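One structure is given here, and the rest of the page talks about it.
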Amino acid sequence: MEMVECSLAASRAARPMPGRVPRSRAPVLGVGAERARLRVRSERREQPPPVVRASAPPERDGGALGKAAAGLAAAAVVSLTGFAVDFAPPPARAESLTVAFPVSKAREVNRVQRTLVEAWGLIRETFVDPTFNHQDWDQKLQQTMVEMFPLKSADAAYGKISGMVSTLGDPFTRIITPKEYQSFRVGSDGNLQGVGIFINRDPASGRLLVMNCIEGGPADRAGIREGDELVEINGNSVLGLDVEAVAQRLRGRAGTTVEVKLLDGTGNERSGRIKQKEVQLSREVINLSPLSTAIISHRSGDGHEGKTGYVRLAAFSQTAAAEMERAIKKMEDQGVQSYILDLRNNPGGLVTAGLDVAQIWLDGDETLVNTVDREGNVQAINMVQGQSLTHDPLVVLVNEESASASEILAGALHDNGRAILVGHKTFGKGRIQSVTELDDGSALFITVAKYLSPALHEIDHVGIQPDIQCTADTLSLPRAPSLTGNNEAASLEMDSCIMVAEQALEIQQSKGSAS
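Heads up: the sequence shown begins at 1 in UniProt numbering, then just goes up one per residue.
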């Protein structure tokens, strides 16, 4: 049987995505030139590099694979929505190794065979669980290669890699095909071509629900509303698909159309019937401005008129921090005396955008977040000589759909004593992922570490507990307010959590004036 040797460097670095920090220098995570730098403080213990051995193929069948190790991919951070950003990598090791495997007769499958070895090696070196979900990871490679050998198509072969990766028991560690990776990269600059809809999976029911629609976008104009359940795309059920796979089916070239079927989230309380919606949407270029603002005027107990700046951040895109910086400067010029930062239903995005936003509110060399790797080594990511735009009192609103970068930001502001948290306990998604573009153009997402808050509180599967609870029966979150009309402030006042936030701000201001 013909064999092919695949050489891999034992220090494979994730390829930087466009716009990412070059690996040859420390990351600068500022909004602009005047924003603070970040410093990574490591408590990692120095250990000798592991011995890497590659065994020759067995003499008899030639089909089994020798053990091999590849990777130590440099860590890149990715949120629940799938965007990524690089952090400084560990020192590279120059050692390389070779793995031999039987050649598939189908050329496209043979190419994916190489990708299998590449992905397996990266996971072997960097996956957060060194037991690989209590299984023999080397044996898993051999098993998957045997299953892949008789296949005829690349799609089927990628399916075998996905099956292997799924045995790790981590839904965030996954591989996507070259075509899917190109789609994934669309929108990281704040623009994409699609229908202007945000979806997420309800953790309790598993249903895919509409979280938000871009105001004035195709979905909004078609009457799709928050809470609607997505059930079909172009006549195909979305059952079993993850959020990113669904998003990819909704995206597409501007001018093309997509048909969606939804269940009305409002329902019919009297009859108990749920209305179906079938809508044809035209894809457009969508400008993902993640920020909306308003100024809430109010009169304090002593008769003084005050202004509270309301900032709602829907996602952490590349433009989020810069837009927030402009908004805060403008509201400061308008005499705002306190702020409410609304992170409810924000599933995350670019983690560095979250760190950049934190620097808008914090001073000095504060710790923004800690990371802990699979060996238990902790690294703190600190600001360097940060200067906040405002020292006005701040309340941050969170709920059970606030995840990833939202939790990092909330933890940074809370643990550093900058903000009071109001709302519900957050989602609890605190995982660091590497994102590596593989040789064939596919991409591998690997959970390589976990986040801890500045006070070393666990985030993953735990979430962040607010200081003040807003009970679910009184919460009334406005749907994606444009905040441009005259009645927007009044609609915000109907939100019970904003009322609680205003009371907390009054207490902060009274303490400040008394001191």
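We put the beta carbon where it would ideally sit given N, CA and C, even for glycine.
Here the structure is a predicted model, which means the values were calculated and not measured.
Check, Outcome
"Proximity of L362 and R418 at Cβ, strictly below 8 Å", "yes"
"Alpha-carbon spacing of L262 relative to V146, whole angstroms", "41 Å"
"Residue range of the unbroken alpha helix (DSSP H) whose run includes M383", "Unbroken run through M383 is the beta strand (DSSP E), V378 to V384; no alpha helix (DSSP H)."
"Reduced DSSP secondary structure (H/G/I, E/B, other) of R299", "strand"
"Given F316 as reference, the closest of K275, G255 and L350 once Cα atoms are compared", "L350"
"Paired residues, beta bridge with K307 - DSSP", "S297"
"CA-to-CA distance, Q193 to P454, given in whole angstroms", "37 Å"
"Short Cβ contact (8 Å threshold) for F445 with T126", "no"
"Whole-Å CB distance - P178 paired with D440, under 8 Å assumed", "6 Å"
"Neighbour-count burial assignment, S402, 16 or more Cβ in a 10 Å radius", "buried"
"C-alpha gap between N382 and I468, whole angstroms", "27 Å"
"Euclidean distance between Cα positions of I459 and D356", "19 Å"
"CB of A504 within 8 Å of CB of V422, strictly", "yes"
"Inter-stretch contact (C-beta, 8 Å, three-pair minimum) for the stretch 279 to 286 and the stretch 245 to 261", "yes"
"Reference S153, options D129, Q113 and A245, closest by Cα", "Q113"
"Alpha-carbon spacing of G378 relative to R221, whole angstroms", "According to the sequence displayed, residue 378 carries Val and not Gly. When rounded, the distance between both Cα atoms is 48 Å."
"Start-to-end residues for the alpha helix (DSSP H) that takes in E370", "Here residue 370 turns out to be Asn, not Glu, going by the sequence shown. Looking at the DSSP string, N370 is not in any alpha helix (DSSP H); the run it does join, the beta strand (DSSP E), is T367 to D373."
"Spatial distance of W120 from L141 (CA atoms)", "7 Å"
"Residues sharing a beta bridge with D395, DSSP", "Contrary to the premise, residue 395 reads as Val rather than Asp in this sequence. Answer is I340 and I420."
"Cβ-Cβ distance between I498 and Y451 below 8 Å", "no"
"Identity of the residue in R107, N346, I295 and A410 nearest Y339 by Cα", "I295"
"Closest residue to E375 among V128, A106, R207 and A219 (Cα-Cα distance)", "V128"
"Nearest to S510 (by Cα), restricted to the options P393, M494, D342 and A449", "P393"
"Between the CA atoms of Q359 and T308 - distance to the nearest angstrom", "20 Å"
"Contact check, L389 vs I328, beta carbons under 8 Å", "yes"
"Within the stretch 424 to 459, ranges of the beta strand (DSSP E) (whole runs, at least 3 residues)", "431 to 437 and 443 to 452"
"Closest by C-alpha distance to Q334, when choosing among Y310, D495 and R249", "Y310"
"Assigned exposure category for E493 - 16 Cβ within 10 Å defines buried", "exposed"
"Exposed unless 16 or more other CB atoms sit within 10 angstroms - verdict on H424", "buried"
"Local conformation of S510 per DSSP, three classes", "helix"
"Any non-hydrogen atom of the ligand SAH closer than 7 Å to Q139 Cβ", "The ligand SAH is not part of this structure, which contains no ligands at all."
"Candidates Q135, Q318 and T144, of which the one nearest P102 by Cα", "T144"
"Among S205, A314 and V336, the one whose alpha carbon lies nearest that of N346", "A314"
"Check whether S442 and Y181 have beta carbons under 8 Å apart", "yes"
"Buried or exposed by the 16-neighbour rule on C-beta atoms within 10 Å, applied to P203", "exposed"
"Sequence-distant residues of its chain with Cβ nearer than 7 Å to M164 (five each side left out)", "K140 and T144"
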